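Below is one structure; the comments refer to it alone.
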Amino acid sequence: MSDTTMKRFRVSANKAVDLDDWSTNDTLGWDKESAKEELVDVIDQMAFLQHRLMAEADQSLLIVLQGRDASGKDGLVRHVMTGMNPAGVRVVSFKVPAGVEKQHDYLWRCHAAVPARGVVGVWNRSHYEDIVVPRVKRLVPEEVWRARYRHVRDFERMLVDEGTTILKFYLHVSHEVQRQRLQKRIDNPESSWKHDPSDISDRKMWSSFQTAYEDVLRETSRPHAPWYVIPADVKWVRDLAVAKIVLEALVLMDPRLPAPQDDLKGVTVI
524 MSDTTMKRFR VSANKAVDLD DWSTNDTLGW DKESAKEELV DVIDQMAFLQ HRLMAEADQS
584 LLIVLQGRDA SGKDGLVRHV MTGMNPAGVR VVSFKVPAGV EKQHDYLWRC HAAVPARGVV
644 GVWNRSHYED IVVPRVKRLV PEEVWRARYR HVRDFERMLV DEGTTILKFY LHVSHEVQRQ
704 RLQKRIDNPE SSWKHDPSDI SDRKMWSSFQ TAYEDVLRET SRPHAPWYVI PADVKWVRDL
764 AVAKIVLEAL VLMDPRLPAP QDDLKGVTVI
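Heads up: the sequence shown runs through residues 524 to 793, numbered per this note's numbering.
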């Protein structure tokens, strides 16, 4: 993927976003079999750099996954993150706030889940649920959810200043492909446990969710914490596109191995 192709996924800061202008099924001219082979190579390179990130233990990478139900967040974690050392990866799935989470501000649980230095963090859903869902379902007044744009921008700016690289992916799935996937999930005994009645009811508010996501993308995509809109109808395109962007970020982070300890020079293990 060229730099030009990479930039086509990135959402520009402070510019209006119309998700209807972003393809959900673009294959980018890639061939399926070649793309699968390339994904293996990209994952190998990611694993190599992740090893150095763990050894360096000086910076961290946070990958945020957002998207509609059945857009492929779980599948992407399985297919793209699988090659990394699990000791240095922390995957967090944010559910509806419950228990002690409800007794704190909405960012409390998110800050506690920020990856430590040397760690790759993956958030399956995130703090952005606390903007989109309350807005669409009218759980809080407008002044409350609207103020959260600023909160989130400040939160992410602080994380970046403290050494965390942030990548945010909106997995862009079409209305019809979502329907197919939800039906397949319901019909398959191995996946029906994942079904939530809200998956169906939320489809009735498709346009409201789209408007909310468009505003989130416009208000919170920044050069230091960019959003990428990824076509998610075709799973192998989704996986390779995200993997390439993650790899590019790791290359730019340029993690280094620590210098050998002086007291180890000349040591022979017997």
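Backbone N, C-alpha and C fix where the C-beta goes; we use that ideal spot for every residue, glycine too.
Predicted model, so just to flag it, every value in this text is computed and none were measured.
Query raised in the report: Would you say the region 734-743 touches the region 672-682, given that touching needs at least three Cβ pairs under 8 angstroms?
Result: Yes: the two stretches touch, three or more of their Cβ pairs being nearer than 8 angstroms.
Query raised in the report: Just checking, does the region 760-778 make contact with the region 702-710 on the three C-beta pairs under 8 angstroms criterion?
Result: These segments do not touch.
Query raised in the report: Who are the Cβ neighbours of phenylalanine 532 in its own chain at under 8 angstroms, not counting the five residues just before and after it?
Result: For the purposes of this step, residue 532 is identified with residue 9 of the sequence shown, where counting begins at 1. Sequence-distant partners of phenylalanine 532 (beyond 5 residues in either direction) whose C-beta falls short of 8 angstroms from its own C-beta, in its chain, are Tyr751, Val752, Ile753, Ala764 and Ile768.
Query raised in the report: Does the region 564-582 come within contact of the region 632-645, defined as at least 3 CB pairs closer than 8 angstroms?
Result: With a cut-off of 8 angstroms, the region 632-645 and the region 564-582 count as touching, because enough Cβ pairs lie within range.
Query raised in the report: Shortest alpha-carbon distance to alanine 748 belongs to which of Lys717, Ala578 and Ile689?
Result: Position 225 of the sequence shown, counted from the start, is the residue given in the question as residue 748. Closest option to alanine 748, judged by alpha-carbon separation, among Lys717, Ala578 and Ile689: Ile689.
Query raised in the report: Which term fits tryptophan 668, buried or exposed, when burial requires 16 or more other beta carbons within 10 angstroms of its beta carbon?
Result: To locate residue 668, count along the sequence shown from 1; it is residue 145. Label assigned to tryptophan 668: buried.
Requested in this report: Look at arginine 648 and phenylalanine 617 and say whether their C-beta atoms are less than 8 angstroms apart.
Outcome: Position 125 of the sequence shown, counting from 1, holds the residue named residue 648. Position 94 of the sequence shown, counting from 1, holds the residue named residue 617. Here arginine 648 is near phenylalanine 617, since their CB atoms are less than 8 angstroms apart.
Report task. Determine, using beta carbons only, whether glutamine 582 and methionine 776 come nearer to each other than 8 angstroms. Result -> Here residue 582 is taken as the residue at index 59 of the sequence shown, counted from 1. Here residue 776 is taken as the residue at index 253 of the sequence shown, counted from 1. Their beta carbons are under 8 angstroms apart, which means glutamine 582 touches methionine 776 by this criterion.
Query - Straight-line Cα distance separating arginine 779 from aspartate 526 - result: Position 3 of the sequence shown, counted from the first residue, corresponds to residue 526. Position 256 of the sequence shown, counted from the first residue, corresponds to residue 779. Any reading at aspartate 526 is ruled out, since the residue's pLDDT is 48, under 50, leaving its predicted position unreliable.
Query raised in the report: Does the region 533-546 come close enough to the region 723-741 to have 3 or more Cβ pairs within less than 8 angstroms?
Result: Yes: at least three Cβ pairs fall under 8 angstroms.
Query raised in the report: Among Val659, Gly789 and Arg613, which has the Cα closest to the Cα of serine 730?
Result: For the purposes of this step, residue 730 is taken as the residue at position 207 of the sequence shown. Checked all of Val659, Gly789 and Arg613; the closest Cα to serine 730 is Val659.
Report task. Within the same chain, show all residues whose beta-carbon is closer than 7 angstroms to that of arginine 671, passing over the 5 residues directly before and after it, in chain order. Result -> On the sequence shown, position 148 is the one that residue 671 refers to. Asp653 and Ile654.
Query raised in the report: Curious, which full-length beta strand (DSSP E) runs of at least 3 residues does the region 677-701 contain?
Result: DSSP runs (the beta strand (DSSP E)) wholly in the region 677-701: 687-695.
Report task. Can you grab the Cα-Cα spacing for the pair glutamate 665 / phenylalanine 732, in whole Å? Result -> Position 142 of the sequence shown, counted from the start, is the residue given in the question as residue 665. Position 209 of the sequence shown, counted from the start, is the residue given in the question as residue 732. Each residue's alpha carbon lies about 15 angstroms from the other.
Report task. Let me know the secondary structure DSSP gives valine 655 once reduced to three states. Result -> Position 132 of the sequence shown, counting from 1, holds the residue named residue 655. In this structure, DSSP gives valine 655 a helical state, which the three-state scheme calls helix.
Report task. Quick one: grab the DSSP three-state call for glutamine 703. Result -> Your numbering for residue 703 matches position 180 in the sequence shown. Correct three-state label for glutamine 703: helix.
Requested in this report: To the nearest angstrom, report how far apart alanine 536 and valine 790 are at their CA atoms.
Outcome: As a first step, residue 536 must be located in the sequence shown, where it is residue number 13. As a first step, residue 790 must be located in the sequence shown, where it is residue number 267. Looking at the two C-alpha atoms, the distance is approximately 53 angstroms.
Report task. Give the DSSP-derived three-state secondary structure of methionine 524 in the structure shown. Result -> Residue numbering aside, residue 524 sits at position 1 when the sequence shown is read from its first letter. At methionine 524, the pLDDT of 43 sits below 50, so the modelled position is not reliable and the matter cannot be decided from this model.
Query raised in the report: Which one or two residues does DSSP pair with tryptophan 750 in a beta bridge?
Result: Along the sequence shown, one-based indexing puts residue 750 at 227. Looking at the DSSP assignment, tryptophan 750 forms a beta bridge with Lys691.
Requested in this report: Assign proline 783 to buried or exposed, taking buried as 16 or more other Cβ atoms, counted over all protein chains shown, within 10 Å of its Cβ.
Outcome: The residue given as residue 783 occupies position 260 in the sequence shown. Exposed, by the Cβ-count rule.
Requested in this report: For leucine 588, write down the residues that DSSP places opposite it in a beta bridge.
Outcome: In the sequence shown, the residue the question calls residue 588 occupies position 65. DSSP lists Asn647 and Phe692 as partners of leucine 588.
Query raised in the report: If we ignore side chains and look at the alpha-carbon of each, how far apart do arginine 632 and valine 792 end up?
Result: On the sequence shown, position 109 is the one that residue 632 refers to. On the sequence shown, position 269 is the one that residue 792 refers to. Roughly 46 angstroms separates the two Cα atoms.
**Report entry** Option in Leu551, Val534, Arg613 and Lys538 with minimal Cα separation from aspartate 756
**Finding:** Your numbering for residue 756 matches position 233 in the sequence shown. Nearest option by C-alpha distance: Leu551.
Query - Beta-carbon proximity list for alanine 636, same chain, < 6 angstroms, skipping 5 on both sides - result: The count along the sequence shown starts at 1 and reaches residue 636 at position 113. Residues of the same chain with a CB within less than 6 angstroms of the CB of alanine 636, apart from the 5 flanking positions on each side, are Val615 in chain order.
**Report entry** Closest Cα partner of histidine 718 within the set Arg726, Arg708 and Asp725
**Finding:** Position 195 of the sequence shown, counted from the first residue, corresponds to residue 718. Of the candidates Arg726, Arg708 and Asp725, the one whose C-alpha sits nearest the C-alpha of histidine 718 is Arg708.
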